Amino acid sequence: MADRRTQSRIPLQPVYTPSDLGAFDYAASSGDPGVFPYTRGTRAQSPGRTSWIQRELSGEGDARCSNAQLKYLLAKGQTGLDVIGDTPTMGCLDPDHPLAVHAVGTQGVSLCCLADYRDLYADLPLDRITMSHSLPAVFAVAGLHCVAHERGLSPALLRGSVIQAPYYCEDCSYAVHMPFKLRVRMAADTIAFCAVEMPKFHAFIEDTYFISESGLDSVEEMALGFVELRGLVRELLQRGVAIDRFAPRIAILLNCRMDFFEEVAKIRATRRLFARMMRDEFGATDPRSWAVNIAAHTSGLTLTAQQPANNIVRGAIQALALACAGVQAIEVSTFDEAFRTPSPEAHLVGLRTQQVIDLESNVGQVADPLGGSYYVETLTDDLERRISEMVQAIEARGDPARLSDSGWFRSVFQTAIERHARGIADGTTAKVGLNVHRVPDEEDVLLREVAERKIEPSRERIARMKTYRAGREVEPLRAAIQALEADARDERTNLLPAIIAATKAGATMGEMAGTLRRAYGQPADPFGQPDVAL
Amino acid sequence: MKKIRVLMAMLGLDQHEVGAIAVTGVLRDAGMEVVYAGRFNLPAAVVKSALEEGVDVIGLSCHSWEYLYYLDELLALLREHDLDVPVIVGGSVVTPGDARILLDKGVSAAFGPTATPDEIIASVRKLAGTAAEHDSSTAACEGRE
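These protein sequence lines map, in sequence, to chains Y and A. Residue 116 in my numbering sits at position 134 of the first sequence, with consecutive numbering throughout. Each number in my numbering comes from the position in the second sequence (counting from 1) with 72 added on.
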């Protein structure tokens, strides 16, 4: 092959030899697992089986329905939980918003008030199980904090995580219709609040998964991720939060595509970059601040609607790469992902994929099994350099608020989408079943019935919202909303206490988000709906 | 020769824009003009854009099932405005069964995930009533939602 490259278009040789490593310095560039720069993993290998947190992304219908889904997965051996909101929830809109009517609960769980969080967490031991939240962070943390308080559980014992996506959410499917400055403040306030109140909770998950599902390559994915992560770190430092106060709870949720060795090398390079950045640039002195936890999803974009059974194989290959890279948590995108939010059958196959790798393959018994490979070490160095150069190039473009508002970030995603589509159309990116080894539609039947089953919108929830709103005590609610607006107008005040108080007073996420938008000079409703008087 | 003009839109809160942007690129590469209305449209907004922009074809991209519920309203509004513009629906979530339902409702073409760029281009050309070759030398108009 004349043009041998990784999926990120990094040129490859037919074979790698000791000469490619040059003056490879094991201690400086690699080090043992658990030792700076953590290339080989964040922890020294403990005796016996070491496995990652096994979880599947879930959320469907209302909070009760999703709670049942979480319990189903736990009963099947899942060791952590992960929940994502439906499209109204991800956009900070209530289920009775006019635009939400056909979308309630179809692509995630519908959550908007304290009662929903009570239902979502019902019977789940929040101090023992890690719950990962792909939700608007500031509101999810408030909901979790309130439920813990009601249960008499100290927030300091809460475990789990929440994603932060302030730079890119508007351009990558999680638009919250808020100005850049407010988005960054909400993220930084959440992280600063949790550093004190919920020190076991990972409130700073840099999520590069969802941005890279536009078709970014591995270098672009991590470069944009580091740009956002570094921006948030600087924001927190400017506020006077000490680096070692919050850095130990930073984690990265990244993507794993089909290029096995590139994804392994990317994760190794990411750990090294993070460690050096934290110690040498941001001055962290606590070793826990240098070692970044990594969670990963296998890539939904690599899956095909054609011959959905092939997606099970793709999920297995990607999960195996993640097991070899030594990550802390894995989610396998399910075989029906191209069609729908996961069915129970597909969820189970995703979980079983992880369990088979964990219990039967013996991968995971030895830390960083690919470390020392001429190829993987060379590729790790190469990726580290490319990611670092791209971070510098993006930061040299100046103020990220301007890059966001001017559409520059959006243009990066758009270019990636078009590149990905062209690669598939012209066959340079092979997709078995899609552009090579196709079968006639009438032969493509395996698992299709499961994949094509639809979820009805939870419309009864819209009617219930009317009752919910009418049943609230107006005066305390109004006072809480006013207090939130006052706090929002003062940028030195952390938003969390007022959001928690408003949540307890019965405010919905839509009402609180509207209050924040108003405080930042925008209409409360992003779609021009009139303000509703409380 | 006049370029084919296509309105590309998504309905409701469906935010997964990958398909819409990819197909927009495919149509522009094929020499068409695409007015990109993007995300967060209700049927009335789509019809208004179609009227104002004088498009030859309306393309709806979907990665959620919301379109199934909005489509009747959209088609009724087009009739109300006496706007005879063909509607094409495409998206990974469109199954062969969905496609049949859509065609019965009056949608001119429906594409699921197995559709190729060539099929989509050919369909748009046929529905726009212009099978001739088009000038692809100039950049298409840039739309942002």
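The C-beta atom is built at its ideal place from N, Cα and C for all residues, glycine as well. Keep in mind it's a predicted model, so treat the numbers as computed, not measured.
Under the 10 Å beta carbon count, Thr475(Y) is surrounded by fewer than 16 other beta carbons and is classified as exposed.
Between Ala119(Y) and Ile481(Y), the CB-CB gap reaches or exceeds 8 Å. Counting only runs of 3 or more residues that sit fully inside the region 76 to 147 of chain Y, the beta strand (DSSP E) segments are 113 to 116, 143 to 146, in chain order.
Ser136(A) has a beta carbon lying within less than 8 Å of a beta carbon in chain Y.
Counting only runs that start and end inside the region 85 to 168 of chain A, the alpha helix (DSSP H) elements of at least 4 residues fall at 90 to 101, 115 to 125, 138 to 152. DSSP places Met82(A) inside the beta strand (DSSP E), whose first and last residues are 77 to 83. Judged by their CB atoms, Ala185(Y) and Val144(Y) are nearer to each other than the 8 Å cut-off.
Within the region 60 to 73 of chain Y, Asp68, Thr69, Pro70, Met72, Gly73 place their CB atoms closer than 9 Å to a CB of chain A, listed in sequence order. Unbroken alpha helix (DSSP H) runs of no fewer than 4 residues, entirely contained in the region 382 to 434 of chain Y, are found at 382 to 387, 390 to 407, 430 to 434, following chain order. Rounded to whole angstroms, the gap between the alpha carbons of Ile249(Y) and Gln(-11)(Y) is 15 Å. Residue contact with chain Y for Ile193(A): absent (no Cβ-Cβ distance below 8 Å to any residue of chain Y).
Each residue's CA atom was taken as its position, placing Glu327(Y) and Arg100(Y) some 27 Å apart. Contact annotation: the region 487 to 499 of chain Y does not touch the region 101 to 114 of chain A, with fewer than three C-beta pairs closer than 8 Å.
When C-beta distances to chain Y are compared with 8 Å, the residues of the region 76 to 94 of chain A below that value are Gly84, Leu85, Asp86, Gln87, His88, Glu89, Val90, Ile93, Ala94, in chain order.
Residue pairing from DSSP places His184(Y) in a beta bridge opposite Ser143(Y).
Out of Leu302(Y), Ser155(Y), Arg296(Y), Glu179(Y), the CA that lies nearest to the CA of Leu139(Y) is found in Glu179(Y).
Chain Y places no beta carbon closer than 8 Å to that of Phe183(A), leaving this residue out of the contacts. Restricting attention to beta strand (DSSP E) runs no shorter than 3 residues, the region 195 to 250 of chain Y encloses them at 232 to 238, ordered along the chain. Think of a sphere of 7 Å around the beta carbon of Ser196(Y): the chain A residues whose beta carbon falls inside it are Val90, in chain order. Using a CB distance cut-off of 8 Å, Phe121(Y) does not count as an interface residue toward chain A. Residue pairing by DSSP places His159(Y) opposite no residue, since no beta bridge is assigned to it. For Val98(A), at least one C-beta of chain Y is nearer than 8 Å to its own C-beta.
Taking 8 Å as the CB threshold, Val165(A) lines the interface with chain Y. A distance below 6 Å between beta-carbons, with the five flanking residues on each side excluded, links Met491(Y) to the following residues of its chain, in chain order: Cys74, Cys94, Phe121.
Setting aside the 5 residues that flank it on each side, Arg435(Y) is surrounded in the same chain by Arg322, Ser325, each with a C-beta closer than 8 Å to its C-beta; the list follows chain order.
Using a CB distance below 7 Å, the part of the region 285 to 307 of chain Y facing chain A consists of Ala287, Gln288, ordered along the chain. Our two residues, Thr190(Y) and Asp109(Y), have alpha carbons roughly 27 Å apart in a direct line. In the displayed model, Leu283(Y) falls within coil according to three-state DSSP, outside both helix and strand. Shown here for Arg420(Y): same chain residues with a beta carbon closer than 8 Å to its own, the five before and five after excluded, namely Gln288 in chain order. Rounded to the nearest angstrom, the gap between the Cα atoms of Arg(-9)(Y) and Gln146(Y) is 29 Å. In this chain, the beta strand (DSSP E) harbouring Glu313(Y) covers 311 to 313. In the displayed model, Ile173(A) falls within a helix according to three-state DSSP. For the 8 Å CB-CB criterion, His115(Y) and Glu138(A) do not form a contact.
If the five residues before and after Glu377(Y) are omitted, its C-beta is found closer than 7 Å to the C-beta atoms of Val209, all from its own chain and listed in chain order.
Here Glu244(Y) is buried, its C-beta having at least 16 other C-beta atoms within 10 Å.
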